[in-house]
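Okay, so here's the structure we're looking at.
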Amino acid sequence: MFVLAAEAPTVPPPLTVTRGFTAWEFDPYLAAVVLVAAGLYLYGVWRLRGRGDRWSGWRTFSFVVLGLGSIVVATQSFLATYDTTLFSVHMVQHMVLSMVSPIFLALGAPVTLALRTLARRPRRWLLVLLHSRVSKVLTFPLLTWSVFVGTPFALYFTSWYGLTLRNTYFHEALHLHFLLVGCLFFWPLLGLDPVPGRIPYPFRMLVVFLALPVHAWLGIAIMSSTEVLGGDWYANLGREWGASSLSDQRTGGGILWASGDLVGLIILGSLFVQWLHASEREAERVDRRLDRQERRAAGEPGEESELAAYNAMLARLHARSRR
57 MFVLAAEAPT VPPPLTVTRG FTAWEFDPYL AAVVLVAAGL YLYGVWRLRG RGDRWSGWRT
117 FSFVVLGLGS IVVATQSFLA TYDTTLFSVH MVQHMVLSMV SPIFLALGAP VTLALRTLAR
177 RPRRWLLVLL HSRVSKVLTF PLLTWSVFVG TPFALYFTSW YGLTLRNTYF HEALHLHFLL
237 VGCLFFWPLL GLDPVPGRIP YPFRMLVVFL ALPVHAWLGI AIMSSTEVLG GDWYANLGRE
297 WGASSLSDQR TGGGILWASG DLVGLIILGS LFVQWLHASE REAERVDRRL DRQERRAAGE
357 PGEESELAAY NAMLARLHAR SRR
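Here's what the structure looks like:
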């Protein structure tokens with residue numbers, strides 16, 4: 057919601073179901089960015105299919121509709137209209153931009169699509185960027201985890217949050233911060249795109265698991281606070297409808313706790329399923345390699361052939377015992 061810092065804050069009408077569908081604010085700059093991103097993605101899909109290659113419809117739906125669409129909802133719907141009026145609405149917006157949108161953008165595998173459709177030189181530039189030291193640092197799990205779980209504490213329990221309420225540019229920068237940090241956190245964990253260094257599945261699950269209690273602590277801290285966050289911003293609004301500012305803040309803390317843990321548990325489950333599928337694919341690859349060894353051994357003469365076949369059989373049994 058673009059409100060110049062010099063202007064006095066205004067209170068929108070009470071939030072109702074009807075207002076939820078009608079209180080939209082069009083931002084031409086953001087709309088242009090979203091349309092360009094969607095257009096580039098769809099153009100890549102069109103190029104792939106034009107040459108006979110397949111691309112998952114679910115990936116396209118995830119990126120364009122759920123990923124970019126959730127960004128539009130978070131920044132142009134009633135969430136943007138009421139995000140400086142109700143803390144609970146701000147928290148819904150926070151969770152969408154930091155968790156929902158990044159997850160679905162990552163599920164769209166945009167980097168993989170770009171690598172499959174770009175010309176040779178741009179593709180080489182993208183690969184250089186992916187394997188650069190900067191990319192390795194920005195996607196290092198311990199760093200992204202620290203920023204992802206740490207900055208909300210700094211936001212809500214310092215003067216930073218009040219500044220984002222009073223200043224348009226800091227307010228919009230906060231939205232961008234939520235989105236970028238969420239993307240850097242979830243992109244390497246989901247692992248659908250090539251990343252600078254593959255992260256083992258157990259470590260991915262550990263990183264997500266460790267974020268769950270931190271979300272809970274932050275939510276409980278906000279719910280337990282006896283002071284309204286944001287300084288005197290909400291008191292000066294003069295809002296005469298709805299719950300009190302402190303009660304609404306407690307609702308926001310509950311939203312953070314519940315939604316953060318729910319999304320985290322869903323990601324944990326999906327990573328576990330991916331791990332199982334990856335293990336099955338690796339076992340099949342080992343079986344194929346051992347089959348080739350047996351076929352080569354069958355063509356060798358005398359005792360060497362029998363010994364090679366015996367060794368291949370032992371290797372197969374050992375591989376299966378480890379599944």
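Those letters in the sequence shown? Residues 57 to 379, per the working numbering, in order.
We put the beta carbon where it would ideally sit given N, CA and C, even for glycine.
| Among Val128, Trp313, Thr220, which residue has its Cα nearest to the Cα of Ala88? | Nearest neighbour of Ala88 by Cα position, chosen from Val128, Trp313, Thr220, turns out to be Val128.
| field | Buried versus exposed call for Pro256 [16 or more other C-beta atoms within 10 Å across all chains shown] | value | Exposed, because fewer than 16 other Cβ atoms sit within 10 Å of the Cβ of Pro256.
| request: Could you check what DSSP says for Gly358 in three-state terms: helix, strand or coil? | output: The predicted model places Gly358 with a pLDDT of 47, which falls under 50 and marks its position as unreliable; any figure quoted below should be read in that light. Three-state result, Gly358: helix.
| field | Contacting residues, own chain, Cβ-Cβ under 7 Å from Ala170 (five flanking each side not counted) | value | Leaving aside the five residues that flank Ala170 on each side, the residues in its chain whose CB is nearer than 7 Å to its CB run, in chain order, Gly100, Leu182.
| query | Which value, in whole angstroms, describes the spacing of the CA atoms of Ala79 and Leu91? | reply | Taking the Cα positions, Ala79 is about 21 Å away from Leu91.
| Out of Leu185, Arg110, Val205, which has the shortest C-alpha to C-alpha gap to Val263? | Checking every option, the nearest Cα to that of Val263 belongs to Val205.
| field | Span of the alpha helix (DSSP H) around Glu296 | value | Where Glu296 is concerned, there is no enclosing alpha helix (DSSP H), given that its DSSP letter is neither H nor E.
| Ala61 to Asn223 span [Cα, whole Å] | At Ala61, the pLDDT of 45 sits below 50, so the modelled position is not reliable; the number obtained from the coordinates is stated separately. Straight-line Cα distance between these residues: approximately 5 Å.
| said: Output needed for Phe242: all residues of its chain with C-beta closer than 8 Å, excluding positions within five of it in sequence on either side, in chain order. | reply: Residues Met155, Pro158, Ile159, Ala162, Ile323 of the same chain have their beta carbon placed closer than 8 Å to that of Phe242, with the five preceding and five following residues left out of the count.
| task | Give me the Cβ distance between Pro70 and Trp297, rounded to the nearest whole Å; I'm assuming they're in contact under 8 Å. | result | Distance from Pro70 to Trp297 at the Cβ level is roughly 4 Å; contact confirmed, criterion being Cβ atoms closer than 8 Å.
| query | To the nearest whole angstrom, what separates the beta carbons of Ala272 and Asp317, a pair I think is in contact under 8 Å? | reply | Correct: roughly 6 Å between the Cβ atoms.
| message | How far does the alpha helix (DSSP H) with Met279 in it extend, from its first residue to its last? | response | Its alpha helix (DSSP H) spans residues 257-280.
| Proximity of Ala130 and Leu153 at Cβ, strictly below 8 Å | Contact: yes.
| For the alpha helix (DSSP H) that Ser144 lies in, which residues bound it at each end? | 143-151 is the span of the alpha helix (DSSP H), which, as asked, contains Ser144.
| request: Go through its chain and collect everything with a Cβ distance to His187's Cβ below 7 Å, but skip five positions before and after it. | output: Around His187: Pro252.
| field | Ser157, enclosing alpha helix (DSSP H) - first and last residue | value | For Ser157, the enclosing alpha helix (DSSP H) starts and ends at 157-163.
| message | Contact defined as beta carbons within less than 8 Å: I believe Leu240 pairs with Thr207. What is the distance between those atoms, to the nearest angstrom? | response | Their Cβ separation, rounded to whole angstroms, is 12 Å, which puts Leu240 and Thr207 out of contact at 8 Å.
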